[in-house]
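Last residue of the sequence shown? That's 222 in the numbering used here, and every number before it is there in order.
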Amino acid sequence: MRYSWNVISEVIRMTAPEYDSFREALVNFLYEGYTIPKGWKLHWSTCLTHKEPNYYPRALTFNESRFEGSGHAPYTYVPSGGGLRMCLGPEFTRAELLVFLHNLVNQFHWSLVNPDEKIIYESMPMPVEELPIRLRPRDQLLSFFYGD
C-alpha cells in the first residue's frame with residue numbers, strides 16, 4: 075500500500091484538493107523586505123506551495139518517489155492545510171482513496187472518455203466535462219480475451 079499512497083500523494087501534490095486560502099496576519103512581520111501589518115489578509119496558494127522548486131525539483135513532472143524516505147520540510151506538503159485550521163479528515167481521506175484506488179485498479183479496466191479534457195481552476199481544480207470514464211469489469215475483459 076505504500077507505493078499506492080505515494081502515487082496518490084503525488085497526484086494530490088500536483089492538483090491539490092484546495093487551491094488557496096486566506097489568513098490574517100496575527101502580528102507585524104517582515105517578508106522579503108516588506109512589512110506586513112497585523113490584521114492584513116494574506117492569500118496563500120496550496121498549488122504554488124506544492125510546486126516550489128526549492129522543495130520539489132522538476133515540480134511539473136509526476137514522480138511518486140518524492141514521497142519515499144523521511145518526509146517533507148514542515149508546511150511544504152499541505153493538501154489538508156496546516157496548523158489550527160487543518161482539515162479534520164486527512165486519515166479518513168487516505169483510507170478512502172486507498173480503497174477506491176485498489177478497487178478501481180483490481181476490478182476494472184478503465185479509460186478516459188476525453189484524454190485531452192481541460193482543467194479549470196476556480197476555488198478548486200475542476201475538469202470541464204466532469205471527467206467521464208469508461209469502466210468495464212475485469213472479468214468481462216478476461217472473457218473477451220480468453221473466451222468463455
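We treat Cβ as the ideally placed atom computed from N, Cα and C, and that holds for glycine.
Where residue i falls, given that 16 or more other Cβ within 10 Å makes a residue buried
i      : result
Ala90  : buried
Asp222 : Because the pLDDT at Asp222 is just 48, under 50, the model does not fix this residue reliably, and the point stays unresolved.
Pro154 : It should be noted that the sequence gives Ser, not Pro, for residue 154. Buried is the call here.
Thr123 : buried
Phe174 : exposed
Tyr77  : exposed
Val202 : exposed
Val152 : buried
Arg159 : exposed
Arg140 : buried
Arg210 : exposed
Spatially closest choice to residue i from the options, by CA coordinates
i      : options                           : result
Arg212 : Pro201, Glu203, Val179 and Ile194 : Val179
Tyr195 : Ser119, Tyr105 and Thr109         : Ser119
Trp184 : Lys115, Glu170 and Arg208         : Arg208
Tyr130 : Cys161, Thr150, Met75 and Leu116  : Thr150
Ser95  : Phe103, Cys161 and Phe136         : Cys161
Thr128 : Met75, Ala147, Gly107 and Lys115  : The sequence given here has Asn at residue 128, not Thr. Selected option, being the one with the closest Cα: Ala147.
Pair within 9 Å by beta-carbon distance, residue i and residue j
i      : j      : result
Met198 : Glu92  : yes
Glu113 : Glu126 : The question names Glu, but residue 113 in the sequence shown is Gly. No, Cβ-Cβ distance for Gly113 and Glu126 is not below 9 Å.
Leu134 : Met75  : no
For residue i: DSSP bridge partner residues
i      : result
Pro199 : Tyr195
Thr123 : Looking at the DSSP assignment, Thr123 forms no beta bridge with any residue, so it has no partner.
Ser185 : Arg208
(Q) So, does the stretch 181 to 191 touch the stretch 75 to 91, judging by three or more C-beta pairs under 8 Å? (A) no
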